[in-house]
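Numbering (the working numbering), first residue to last: 1163 to 1328. Note that CB positions come from ideal geometry on N, CA and C, so glycine has one too. Structure first, commentary second.
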C-alpha cells in the first residue's frame, strides 16, 4: 500500500480510503447499502490487513449507524487507523440541527464522538458548503475543537471553498 501526506499535516494515510456509506440501513440510506455489523467488520478487517488505514464516514450516513458500526469495528485497532467523519447534514427535525454553525458543529462533533466510541476524530470534514453561516464562524469553531483535542485536523468535501481552508 502506498501512503500520502494528509494535506499539510504530518500524518500519512493510505492511498485508498474505505468509505462507509453502506454501513447501516436506516431510511433512504438503505438504497446505498445495508451492511450490518458483522459484514462491515469483515470488510474493515480486510481493508486493514491490506494496508488501508484511512476510513471515511459521516454523521448522516444511515442516521449515525455508519459511525457506530465503524467505531465498533476499529475499536481494538483505533491507534492504527485514521477516521474521517463529516458534518453538515440534517440529523433531526430540530431547526438548528443542520449546517455549519457553531451550535451544530459542536453538538454534531459530540454525537459523532459518542457513536464512534472515540476520544477524538482524526479528520473532521465539512460535508458541503453552508450558504447561511459565515465561514469565519465555522473555522473558528473547528479551531476550538482542535484546541480542545476533540478533532486533530479538519477539511472540506463537496465544496469549491477548499481554497478558504488553505
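query, result
"For residue 1224, the first and last residue of its enclosing alpha helix (DSSP H)", "Per DSSP, residue 1224 belongs to no alpha helix (DSSP H) and is neither H nor E."
"Close-in-space but distant-in-sequence residues of the same chain around residue 1165 (CB under 7 Å, 5 per side omitted)", "1174, 1175, 1176 and 1177"
"Ranges of the beta strand (DSSP E) found wholly within the region 1265-1304, counting only runs of at least 3", "1283-1288"
"Burial state of residue 1313, where buried means 16 or more other Cβ atoms lie within 10 Å", "buried"
"Buried versus exposed call for residue 1227 [16 or more other C-beta atoms within 10 Å across all chains shown]", "buried"
"Candidates 1250, 1204 and 1215: closest to residue 1225 by CA position", "1250"
"Spatially closest choice to residue 1306 from 1280, 1292 and 1271, by CA coordinates", "1271"
"Counterpart residues of residue 1180 in DSSP-defined beta bridges", "1217"
"Outcome for residue 1257 when other beta-carbon atoms lying within 10 angstroms are tallied against a minimum of 16", "exposed"
"Exposed unless 16 or more other CB atoms sit within 10 angstroms - verdict on residue 1202", "buried"
"Delimiting residues of the beta strand (DSSP E) encompassing residue 1248", "1244-1249"
"Exposed unless 16 or more other CB atoms sit within 10 angstroms - verdict on residue 1163", "exposed"
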